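K.L.:
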Amino acid sequence: MPLVYSVIARGSTVLCEHTAVANANANVLALRILETLSPEDDARVSYSQERYMFHCCVSDGIAYVVVAEEAFGRRIPFGFLEDVRTRFRVAYGDAVKDAAAYEYNAFSTVLAERMAFFSDPSADAINRVSVQVQEVKNIMVENIEKVLERGEKLTLLVDRTEVLQEGALTFRREARRVRTHMWWKDARLCVGGGVALVALLYFIVGLACGFTLKDC
3 MPLVYSVIAR GSTVLCEHTA VANANANVLA LRILETLSPE DDARVSYSQE RYMFHCCVSD
63 GIAYVVVAEE AFGRRIPFGF LEDVRTRFRV AYGDAVKDAA AYEYNAFSTV LAERMAFFSD
123 PSADAINRVS VQVQEVKNIM VENIEKVLER GEKLTLLVDR TEVLQEGALT FRREARRVRT
183 HMWWKDARLC VGGGVALVAL LYFIVGLACG FTLKDC
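Under my numbering, think of the first position of the sequence shown as 3, with each following residue one higher.
1) Run through DSSP, which three-state label would L156 get?
2) Taking contact to mean 3 or more Cβ pairs, one atom from each stretch, closer than 8 Å, check whether the region 68-84 and the region 95-102 are in contact.
3) What is the rounded straight-line gap between the Cα of F109 and the Cα of G75?
4) I'd like the span of the alpha helix (DSSP H) that includes F90, first residue to last.
5) Can you list, in chain order, the residues of its chain whose CB lies under 7 Å from that of S14, leaving out five sequence neighbours each side?
6) Check each candidate in A11, R46, E19 and V23 and name the one with the smallest Cα separation from L5.
7) Give the DSSP-derived three-state secondary structure of S121 in the structure shown.
8) Could you name the residues of the same chain whose beta carbon sits closer than 6 Å to that of N29, not counting the 5 residues immediately before and after it, in chain order?
9) Should Y104 be labelled buried (16 or more other beta-carbon atoms within 10 Å of its own) or exposed?
10) Suppose the cutoff is 7 Å on Cβ atoms and the five residues either side in sequence are ignored; what does the same chain contact list for F90 look like?
11) So, for S40: in the same chain, excluding its five sequence neighbours on each side, which residues have a beta-carbon less than 8 Å away from its beta-carbon?
12) Quick test of your reading: E48 and H57, contact by CB under 8 Å. State the CB separation rounded to the nearest angstrom.
13) Return the Cβ separation of I64 and R116 in integer angstroms, given the expectation that the two are a contact with Cβ distance under 8 Å.
14) Going by CA-CA distance only, name the one from N107, T88 and L83 that's closest to S121.
15) Where do the ends of the beta strand (DSSP E) carrying E71 lie?
16) In terms of residue numbering, what span does the beta strand (DSSP E) encompassing F56 cover?
17) So for Y7, helix, strand or coil by DSSP?
18) So, with DSSP's three-state summary, where would you put V23?
19) Under three-state DSSP, which class holds E49?
20) With DSSP as the reference, please indicate the residues paired to R12 in a beta bridge.
21) By Cβ distance, which residues of its chain are closer than 8 Å to R87, with the 5 residues on each side in sequence left out?
22) How big is the Cα-Cα spacing for A177 and A189?
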């Protein structure tokens, strides 16, 4: 099985573990690596020893470690760590901060099931999609945090939006005023043209019948 051993710990205090393939040396090395990880800093790191890789993820003071065959790469082991990290947090929440050694060893059944799942080659495609989704979420969070860290730019963006909105309203009001003005101008031209036409007809008729129209 590509995933050999996994352990969840707070500092050097093991909360739960599962061994899929008996390898005392790998287990001991994993526990020694736990002692070198700082619970204060979130991290994702891998170590190589003989034909095994020791993949570590530290989040919220809890370390998640899985030992995998070196040829198995890094993507799937870290997909496994992210999966069990989420499940462990959902199951126990902040209580893990005060838990005693092996207090949550019942979670080892979950470790066993997820190790078997991620060791299956068919899990690779599923995990690839999951990792990509997580990367997109991280990018979105980072982008939002960068905007929030630059409050003045966010305010400037809002101000510019308001200016654009005011400009649009002014433009619409001016457009209505111009349309009204042009309508009245056309109306005056029509009335003036009508009056001129009536006057012209009167003049022509007047020439023929007299301007008093008595001879018509």
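Note that CB positions come from ideal geometry on N, CA and C, so glycine has one too. This structure is a prediction, so every number in the text was calculated from the model and none was measured.
P.N.:
The relevant details are as follows:
1) Counted from its first residue, the sequence shown places residue 156 at position 154. Since pLDDT at L156 reaches only 49, below the 50 mark, its modelled position is unreliable, and the value read off the structure follows with that caveat. In the displayed model, L156 falls within a helix according to three-state DSSP.
2) no
3) Stepping through the sequence shown from its first residue, residue 109 is reached at position 107. Stepping through the sequence shown from its first residue, residue 75 is reached at position 73. Those two C-alpha atoms are separated by around 25 Å.
4) Start at 1 with the first residue of the sequence shown, and residue 90 comes out as number 88. It spans R77 to Y94 - the alpha helix (DSSP H) in which F90 sits, taken as one unbroken run.
5) On the sequence shown, residue 14 is found 12 positions in, with the first residue counted as 1. If we look at S14 and ignore the five residues flanking it on each side, its Cβ neighbours are L36 and E37.
6) What you label residue 5 is simply residue 3 of the sequence shown in a count that begins at 1. Comparing Cα-Cα distances from L5 to each of A11, R46, E19 and V23, the minimum goes to V23.
7) Taking the sequence shown and counting its residues from 1, the one referred to as residue 121 is at position 119. It is helical.
8) As a first step, residue 29 is located in the sequence shown; it is residue number 27 there, counting from the start. Correct list, in chain order: Y7.
9) Locating residue 104 in the sequence shown gives position 102, counting from the first residue. Exposure of Y104 is indicated by the presence of fewer than 16 other C-beta atoms within 10 angstroms of its C-beta.
10) Position 88 of the sequence shown holds residue 90. Here the set comprises I10 and F109.
11) Here residue 40 refers to the residue found at position 38 when the sequence shown is read from its first residue. So the list reads V60, once near-sequence residues are dropped.
12) As a first step, residue 48 is located in the sequence shown; it is residue number 46 there, counting from the start. As a first step, residue 57 is located in the sequence shown; it is residue number 55 there, counting from the start. Checking the sequence, you will find Ser at residue 48 rather than Glu. Indeed, because the Cβ distance is near 5 Å, the residues count as touching under 8 Å.
13) In the sequence shown, the residue the question calls residue 64 occupies position 62. In the sequence shown, the residue the question calls residue 116 occupies position 114. That belief does not hold up - the Cβ atoms of I64 and R116 are roughly 16 Å apart, past 8 Å.
14) On the sequence shown, position 119 is the one that residue 121 refers to. For S121, the nearest C-alpha among the options comes from L83.
15) Here residue 71 is taken as the residue at index 69 of the sequence shown, counted from 1. Per DSSP, E71 belongs to the beta strand (DSSP E) from I64 to E71.
16) One-based indexing of the sequence shown puts residue 56 at position 54. Taken as a continuous stretch (DSSP letters only), the beta strand (DSSP E) holding F56 covers Y54 to S61.
17) The residue given as residue 7 occupies position 5 in the sequence shown. Residue state, collapsed to three classes: strand.
18) Residue 23 sits at position 21 when you count from the first residue of the sequence shown. In the structure shown, the three-state DSSP call for V23 is coil.
19) Within the sequence shown, the letter at position 47 stands for residue 49. Residue identity check: residue 49 is Tyr in the sequence provided, not Glu. Here DSSP, grouped into helix, strand and coil, assigns Y49 to strand.
20) For the purposes of this step, residue 12 is identified with residue 10 of the sequence shown, where counting begins at 1. BP columns for R12 point to T15.
21) For the purposes of this step, residue 87 is taken as residue 85 along the sequence shown, with counting starting at 1. Around R87: C59, S61, I64 and Y66.
22) In the sequence shown, counting from the first residue as 1, residue 177 sits at position 175. In the sequence shown, counting from the first residue as 1, residue 189 sits at position 187. Using only the alpha carbons, I get a separation of about 18 Å.
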